[in-house]
Amino acid sequence: MNDEMAIAALRQGDTATFHHWARVLLGQFVSGQRKMPAISHPLEFVCIPVYRSGADGLCVHLWDADNHTGPAAPTAIHAHSWDLLSYVLMGTVRNELFDVFDDRTTPDDRVYEVLSRGDLDETRPTDRLVRHALRSMHEHCAGTVYSLQSGRYHRSSYSGPTVTIVYGFNHDTGRNVFLGPLSGGAPFSRRAPCSAAELSRCKELLDTVARAC
Ligand SMILES: [Fe+2]
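Numbering (our numbering), first residue to last: 16 to 228.
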């Protein structure tokens, strides 16, 4: 089965077929049959790009406390320019969803836009001042799929080592944004390739998942 067929299975809700493909994929990473261009993401997880064509993208995401060496995220509440479907292979993902209101009188946060060029993410403050309020919290355990629409403000956390496979559909009109300090400022962050030690730990974790699931 190729990557396009796996995406189709996920979109159709055929998790059994997608799970089988995922096990094979992880085995190929571990054996070296497939290259593993893992990068350390500023939002504190490791991302392994798997497939990209037009608006479609597929990545493996790993959250592993022992493997995090990258910079801390500027903020954890953010919204993507892309719709996502995420299949949880191992662990538990907790998503908090937030309502965000314009408020120029007593704001909590400023909205920042993320502009990506190559491996450089530039964060630019916008004029938008807001408050945020928790709307709901959802936990997603291994073997389940969750979806998130573009523009939906959320904050993700995890319990234990967690591996997901994320399908994203990018919208040309959307923006990647996050909530940050009112004072402004324009920090930069880079998505850095994982070190040899991080890659080794990733393979160890993926091997554990491939054998267990
Ligand atoms: Fe996110």
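Note that the Cβ used here is the ideal one computed from N, Cα and C, for glycine as well.
Residue i: which of the options sits nearest, CA to CA?
i    : options                : result
T121 : R109, L197, T177       : L197
L144 : G69, L40, D118         : D118
P140 : L40, G195, D123        : G195
H147 : T138, A37, D124, D18   : D124
H37  : A227, V192, I180       : Looking at the sequence provided, one finds Ala at residue 37 rather than His. If we check each option's Cα against that of A37, I180 comes out closest.
G72  : A94, L99, D79, Q48     : L99
G106 : G175, P57, L130, R216  : G175
P208 : L58, I54, T177         : I54
R26  : S162, R206, S204, V192 : S162
L221 : R49, T32, V178         : V178
A91  : E213, V126, F184, V39  : V126
M51  : A211, V224, D136       : A211
H95  : R190, R205, T30        : R190
List the endpoints of the continuous beta strand (DSSP E) containing residue i.
i    : result
A170 : Rather than Ala, the amino acid found at residue 170 in this sequence is Arg. 169-185 is the span of the beta strand (DSSP E), which, as asked, contains R170.
E128 : 124-132
I54  : 54-56
G195 : 192-195
Checking the sheet assignment: what are the DSSP bridge partners for residue i?
i    : result
M105 : V178
A148 : D114
P64  : C74
R139 : E128
E219 : Bridge partners of E219: none, in fact.
V160 : Y102
E59  : In the DSSP output, where bridge partners are listed per residue, E59 has none listed.
S204 : D136
Which residues mark the beginning and the end of the alpha helix (DSSP H) in which residue i is found?
i    : result
S210 : Looking at the DSSP string, S210 is not in any alpha helix (DSSP H), and its letter there is neither H nor E.
T32  : 30-46
I22  : 18-26
I want to check one thing, is the minimum distance from the CB of residue i to the heavy atoms of ligand 1 below 8 Å?
i    : result
H95  : yes
H169 : yes
L112 : no
L104 : no
L197 : no
L40  : no
L100 : no
L73  : no
L25  : no
L58  : yes
L220 : no
L149 : no
L163 : yes
Counting contacts by CB-CB distance shorter than 9 Å, is residue i in contact with chain D?
i   : result
I22 : In the structure shown, chain D does not exist; there is a single protein chain.
Take every Cβ of the region 150-162, pair it with every Cβ of the region 56-73, and state whether three or more of those distances are shorter than 8 Å. A contact is defined here as three or more CB-CB pairs under 8 Å, and the region 150-162 fails this definition with respect to the region 56-73.
So, do the region 156-172 and the region 108-116 have three or more beta carbon pairs nearer to each other than 8 Å? The region 156-172 is in contact with the region 108-116.
Specify whether the region 16-24 and the region 66-77 touch according to this definition: at least 3 beta carbon pairs, one from each stretch, less than 8 Å apart. Judged by Cβ distances under 8 Å, the region 16-24 makes contact with the region 66-77, as three or more pairs qualify.
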